[in-house]
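Worksheet for the structure shown next.
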Amino acid sequence: MKRGLSLQAALAAYRADAELAPLPDQPDPDALLHAYHPDYLRGSMTKLTIGANAGADCQRELADLLQAEAFIDEADLAGAQVTDTDVLVVGGGGAGCAAALAAAERGARVLLATKLRLGDSNTVMAEGGIQAAIEPGDTAQQHMQDTLRSGHHAGDPALVAALVGDGPETIRWLIHQGMQFDQTPSGDLHTRKAGGTSAPRVVHCRDYTGLEMMRVLREAVKQHRGIEVWEQSPVVELLSNERGQKCVGAVLGSLADGSMRIVRTRSVILATGGLGRLHLNGFPTSNHIGATGDGLVLAYRMGAKLCELDSFQYHPTGLVHPAHLYGKLVTEGVRAAGALLLNAHGQRFVDELQPRDIVSAAIIRECREGRGIHNDNGVGVWLDTPRLERSQPGLLEREFPKLLTRTRHVGIDPRREPILVHPTLHYQNGGVVIDVDGATTVPGLYAAGEVAGGIHGRNRIMGNALLDIIGFGRRAGRAAAAAEHDRGPKKITLEHVNRARRELTLAGLPLEQRAPRVLPAYTAAGKDIWKS
Amino acid sequence: MTEATRDIQPVELLINGIPVRAEPQMTIVEAAWAGGVPRVTGVGCLEGVCGSCRILVRRGKEVNVALGCETFVEPGMEALFLPAPGTPRHQYQLTELADGWDIQARFHEIFPEASRCRHCHGCVKSCPKGISVEEGVKLAAAGHYREAGEAFLECVMCELCDSACPEYIAPAHVGLFCRRITAFFHLRPPNLIHKLEELKQEADKKEQP
Numbered sequence: 001m002k003r004g005l006s007l008q009a010a011l012a013a014y015r016a017d018a019e020l021a022p023l024p025d026q027p028d029p030d031a032l033l034h035a036y037h038p039d040y041l042r043g044s045m046t047k048l049t050i051g052a053n054a055g056a057d058c059q060r061e062l063a064d065l066l067q068a069e070a071f072i073d074e075a076d077l078a079g080a081q082v083t084d085t086d087v088l089v090v091g092g093g094g095a096g097c098a099a100a101l102a103a104a105e106r107g108a109r110v111l112l113a114t115k116l117r118l119g120d121s122n123t124v125m126a127e128g129g130i131q132a133a134i135e136p137g138d139t140a141q142q143h144m145q146d147t148l149r150s151g152h153h154a155g156d157p158a159l160v161a162a163l164v165g166d167g168p169e170t171i172r173w174l175i176h177q178g179m180q181f182d183q184t185p186s187g188d189l190h191t192r193k194a195g196g197t198s199a200p201r202v203v204h205c206r207d208y209t210g211l212e213m214m215r216v217l218r219e220a221v222k223q224h225r226g227i228e229v230w231e232q233s234p235v236v237e238l239l240s241n242e243r244g245q246k247c248v249g250a251v252l253g254s255l256a257d258g259s260m261r262i263v264r265t266r267s268v269i270l271a272t273g274g275l276g277r278l279h280l281n282g283f284p285t286s287n288h289i290g291a292t293g294d295g296l297v298l299a300y301r302m303g304a305k306l307c308e309l310d311s312f313q314y315h316p317t318g319l320v321h322p323a324h325l326y327g328k329l330v331t332e333g334v335r336a337a338g339a340l341l342l343n344a345h346g347q348r349f350v351d352e353l354q355p356r357d358i359v360s361a362a363i364i365r366e367c368r369e370g371r372g373i374h375n376d377n378g379v380g381v382w383l384d385t386p387r388l389e390r391s392q393p394g395l396l397e398r399e400f401p402k403l404l405t406r407t408r409h410v411g412i413d414p415r416r417e418p419i420l421v422h423p424t425l426h427y428q429n430g431g432v433v434i435d436v437d438g439a440t441t442v443p444g445l446y447a448a449g450e451v452a453g454g455i456h457g458r459n460r461i462m463g464n465a466l467l468d469i470i471g472f473g474r475r476a477g478r479a480a481a482a483a484e485h486d487r488g489p490k491k492i493t494l495e496h497v498n499r500a501r502r503e504l505t506l507a508g509l510p511l512e513q514r515a516p517r518v519l520p521a522y523t524a525a526g527k528d529i530w531k532s
Numbered sequence: 533m534t535e536a537t538r539d540i541q542p543v544e545l546l547i548n549g550i551p552v553r554a555e556p557q558m559t560i561v562e563a564a565w566a567g568g569v570p571r572v573t574g575v576g577c578l579e580g581v582c583g584s585c586r587i588l589v590r591r592g593k594e595v596n597v598a599l600g601c602e603t604f605v606e607p608g609m610e611a612l613f614l615p616a617p618g619t620p621r622h623q624y625q626l627t628e629l630a631d632g633w634d635i636q637a638r639f640h641e642i643f644p645e646a647s648r649c650r651h652c653h654g655c656v657k658s659c660p661k662g663i664s665v666e667e668g669v670k671l672a673a674a675g676h677y678r679e680a681g682e683a684f685l686e687c688v689m690c691e692l693c694d695s696a697c698p699e700y701i702a703p704a705h706v707g708l709f710c711r712r713i714t715a716f717f718h719l720r721p722p723n724l725i726h727k728l729e730e731l732k733q734e735a736d737k738k739e740q741p
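Dropping the structure here:
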């Protein structure tokens, strides 16, 4: 990588009122992605050798986890306390809470288990908003086209149709749970236009949309009489029937006392989120501490089919500075409101409202070719917030309080100083294959939210994640609650674990690595939680 | 970290009673990880919005509470990670609040302590987000739910104010209640309602050919 300007030199040269040259001609998007997007980095991909996706491309670090050994075997189950419930929801973010509420509304007994505190999730950090085609002239069809096109037509049209069709009703449901959204002076919901879309349709609560959603859903779940919540209780392994072909429960560990508990259930909903904390390709991440891809690991060992395991979203505007927020996000809403991206020479280099993968690739190109800005943490380009403030005074304070608050205590004011940004690992585009009810290819096992795949294709647009988690969370919750009781013998086994172990041995793969990861190694100086 | 920062003197402090040497730019959470403090699970978003990394902080004789992901290490500081807050004691379901006219009566039934604020400022001092908690509770007790809720816009539900309140008012939950009923009763956006009506008519048309 060629060295660009230092942060001090670039700040000294920066002028919010400098005349900008017109945007140079843009290269072919596919060529740009192939040359600079991290998914195409040499050595980033490998092929899976075991499981439902054997032979498929997979990101290298993820493949290691998908083809790892389980933490437990039958001996660990002896004497474990057994709890029976109708629906087990794994994960306490937006999708898990929506699923739990939907299942409980249908009269099911619900147990929601989450490995940290209820609400500790990527949902709580979502800033920009949630998409729903509600403006006059906008339609679900347009929303569907935008989603498919930005996802490079890799999304499943049936899932995308379900996603966009749920939009307006999802917003109504959220309001009914007590969630607030920003309004125009006449009372309409205020909308923003996301990158890669044809109409303004992102509704939001300032830049605290996820926080507002999460605190409301957490309260709704905690107050609901039909839902029991177990915190600090990560799922260590799923349970299968004697043929290893149906999911009948899960084994839950406790971060508090290290004990294991068995939960027997009609259906399990995985809502475990993504895997940013695996730091794929050495990237920083915007994700919360628990985003370690556990759901993918559990589902794959159970035999579920996954998709798009070679496609991840690197959000264009992760913070480079200050250090303690390295990789954390600046919402795309700031670009939607008009903020530009500038390289070290103060030049624009990309249409800021192109889809995220294209904008990220362009930023990486600028940095790699010596037009980036360096400090101790890394390299980046400017997100020109002072120019935005200058053209629309008061806008940042009115619409983006989180942006201003988060860096205030370290003395950075984005109204006066441009923000140094670089792409950050943000989202798992693919995941567990589901149908419109959130059902996976394994009976009894459902998935919703970021852990599920097939909706966003190979690139997600802003505001579709929050719509996905609520829409598909509720779909999975309803379907799981309606699932029939098994009439056969109620045997719970680890047959699927034995099967996976046989496959690993036959393939000559090592059995040392164990998964799910539960928490990143650096949170405990390299110590795993169970065994090893 | 680059060569330049390695020359800087480490900061010595106590985290959960364990002596830790940290770099000056580190937060308490980063210092706990780097310093070998046994795994702390009360950590979530690492950007100050999930409210999970609740800590007690002592600087000299001054003791306060804060969030560990946005509090920086200082020489001689003592930090202690607090357990997660318990289940909310104030029970309610929005759907059981059918009538907006009796909402003030219901509020005082659900939060009987809210009108007993003794203005000790404990909640205000403990709030890591600088929210005017006491003023918000006062507005709520007087029935000004929209304004009260707005005061809690930046609340991350760390519930440190709940711990600080000698009257057990649970200000964070009062604030959230105010925000929720404001949406539940009053947020009726014409553009959304119009679209929902349009979709309903389309669906009806499809059903009767």
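So the protein lines, in turn, are chains A and B.
Sequential numbering from 1 applies to the first sequence in the working numbering.
Sequential numbering from 533 applies to the second sequence in the working numbering.
Virtual Cβ for every residue (Gly too), placed ideally from N, Cα, C.
Please read these numbers as outputs of a predicted model, since none were measured by experiment.
Counted within 10 angstroms of its Cβ, other Cβ atoms place residue i as buried (16 or more) or exposed
i: residue 91(A); result: buried
i: residue 243(A); result: exposed
i: residue 532(A); result: Residue placement at residue 532(A) is poorly supported in this model, since its pLDDT is 35, which falls under 50; the coordinates still yield a value, given next. Exposed is the call here.
i: residue 537(A); result: Look at the range of chain A in this structure, 1 to 532, and you will see that residue 537(A) is not part of it.
i: residue 47(A); result: exposed
i: residue 365(A); result: buried
i: residue 595(B); result: exposed
i: residue 737(B); result: exposed
i: residue 385(A); result: buried
i: residue 170(A); result: buried
Any chain A beta carbon closer than 9 Å to residue i
i: residue 536(B); result: Residue placement at residue 536(B) is poorly supported in this model, since its pLDDT is 46, which falls under 50; the coordinates are not used for a value here.
i: residue 687(B); result: yes
i: residue 676(B); result: no
i: residue 594(B); result: no
i: residue 587(B); result: no
i: residue 715(B); result: yes
i: residue 727(B); result: yes
Delimiting residues of the alpha helix (DSSP H) encompassing residue i
i: residue 164(A); result: 157–165
i: residue 219(A); result: 209–223
i: residue 534(A); result: Outside the shown range of chain A (1 to 532) lies residue 534(A), about which nothing can therefore be said.
i: residue 477(A); result: 464–482
i: residue 401(A); result: 401–408
Residue j beta carbon less than 9 Å from that of residue i
i: residue 293(A); j: residue 274(A); result: yes
i: residue 290(A); j: residue 120(A); result: yes
i: residue 87(A); j: residue 111(A); result: yes
i: residue 477(A); j: residue 422(A); result: no
i: residue 616(B); j: residue 228(A); result: no
i: residue 93(A); j: residue 461(A); result: no
i: residue 670(B); j: residue 649(B); result: yes
i: residue 720(B); j: residue 681(B); result: no
i: residue 467(A); j: residue 124(A); result: no
i: residue 443(A); j: residue 305(A); result: no
i: residue 457(A); j: residue 201(A); result: no
i: residue 308(A); j: residue 122(A); result: no
i: residue 431(A); j: residue 410(A); result: no
Best match in the options for proximity to residue i [C-alpha to C-alpha]
i: residue 542(B); options: 585(B), 615(B), 581(B) and 557(B); result: 557(B)
i: residue 640(B); options: 676(B), 719(B), 612(B) and 718(B); result: 676(B)
i: residue 134(A); options: 204(A), 263(A), 457(A) and 96(A); result: 204(A)
i: residue 597(B); options: 608(B), 606(B), 607(B) and 585(B); result: 585(B)
i: residue 269(A); options: 210(A), 287(A) and 483(A); result: 483(A)
i: residue 425(A); options: 186(A), 350(A) and 37(A); result: 37(A)
i: residue 566(B); options: 582(B), 547(B) and 683(B); result: 547(B)
i: residue 250(A); options: 4(A), 400(A), 257(A) and 241(A); result: 241(A)
i: residue 505(A); options: 126(A), 420(A) and 51(A); result: 51(A)
i: residue 175(A); options: 214(A), 377(A), 60(A) and 156(A); result: 214(A)
Min CB distance residue i to chain B below 9 Å
i: residue 216(A); result: yes
i: residue 318(A); result: no
i: residue 117(A); result: yes
For residue i, the first and last residue of its enclosing beta strand (DSSP E)
i: residue 315(A); result: 312–319
i: residue 445(A); result: 445–447
i: residue 386(A); result: Careful: residue 386(A) lies outside any beta strand (DSSP E), inside the alpha helix (DSSP H) at 385–391.
Below 8 Å between beta carbons is the criterion; list the residues of the stretch 505–524 of chain A that meet it against any residue of chain C, in chain order. Although the question refers to chain C, the structure presented lacks it and instead comprises the protein chains A and B.
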